[in-house]
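Structure first, commentary second.
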Amino acid sequence: MDLQHFTIEMGTLSSFFNRKITPAQTEIYFDRLKSIPNKVFSEAVISVIDTSSFFPKPKDLLQFWWDWKREHVQDIAMYPRTHCPECDGDGFIEYIDHISGGYVDVRLVRCAKCNNWRGKIGTFVPAMTKASLREKGFSIIEKYEDRHIKPDPVLYPNLYPDDTPAEEACPF
Ligand SMILES: [Zn+2]
2 MDLQHFTIEM GTLSSFFNRK ITPAQTEIYF DRLKSIPNKV FSEAVISVID
52 TSSFFPKPKD LLQFWWDWKR EHVQDIAMYP RTHCPECDGD GFIEYIDHIS
102 GGYVDVRLVR CAKCNNWRGK IGTFVPAMTK ASLREKGFSI IEKYEDRHIK
152 PDPVLYPNLY PDDTPAEEAC PF
């Protein structure tokens with residue numbers, strides 16, 4: 002996990018639990034947690050927010066990572082992942098098709114630049130690149146959390162007509 006992603010997610014926890022953490026504590030947390038991939042850490046943070054009454058200790062977040070690995074061990078053994086910057090190694094790219102009635106319609110395509118989709122997604126799902134999706138006018142979901150929160154109109158300009166405030170376009 003990179004430090005920038007870590008800092009953003011810790012900021013989320015800090016605000017949610019209304020608890021300040023010192024730079025020294027942040028350093029210790031990062032040292033203990035840096036082996037967790039960005040996306041799994043985001044999932045861990047969401048899980049803590051959904052299920053915990055207390056600001057997590059490093060062991061709580063590590064436990065999520067250990068459980069995650071145990072659940073995914075079979076996939077990892079059968080279809081070893083290759084490094085792929087296009088899809089972050091996931092094998093798929095998520096994009097927003099449209100917003101309807103306040104709901105974001107998230108869809109996905111197979112990553113056209115790797116085979117990491119094997120064992121997860123059938124070949125009937127089209128394989129595309131981010132560039133080809135953007136050419137078609139779709140907004141790529143870059144961050145896992147954006148599936149759950151109101152998309153930032155700066156990051157996802159195609160979602161909002163120019164004269165519609167984001168609040169009205171996507172009221173959740
Ligand atoms: Zn890929």
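In case it helps, this note's numbering puts the sequence shown at residues 2 to 173. The beta carbon of each residue, even a glycine, is placed where N, CA and C say it ideally should be. Predicted model only: the values in this text are computed from it and were never measured.
- Y96 sits in a strand when the DSSP states are folded into three classes.
- The shortest CA-to-CA distance from L62 to any of Y80, F42 and E10 is the one to F42.
- The C-beta of G92 has 16 or more other C-beta atoms within 10 Å across all chains shown, which makes the residue buried.
- For the 7 Å CB-CB criterion, A113 and A132 do not form a contact.
- Residue nearest to R119 within the set Y80, G138 and I142 is Y80 (criterion: CA-CA distance).
- At a Cβ-Cβ threshold of 7 Å, V107 and I94 do not count as neighbours.
- Following the DSSP letters along the chain, one finds M11 inside the alpha helix (DSSP H) bounded by residues L4 to F17.
- The nearest non-hydrogen atom of ligand 1 is 6 Å or more from the C-beta of K121.
- Under the 10 Å beta carbon count, A25 is surrounded by fewer than 16 other beta carbons and is classified as exposed.
- By the C-beta density criterion, I37 is buried, having at least 16 other C-beta atoms within 10 angstroms.
- Rounded to the nearest whole angstrom, the CA to CA distance from K58 to V74 is 25 Å.
- Within the chosen limit of 6 Å, ligand 1 does not reach the beta carbon of K40 with any heavy atom.
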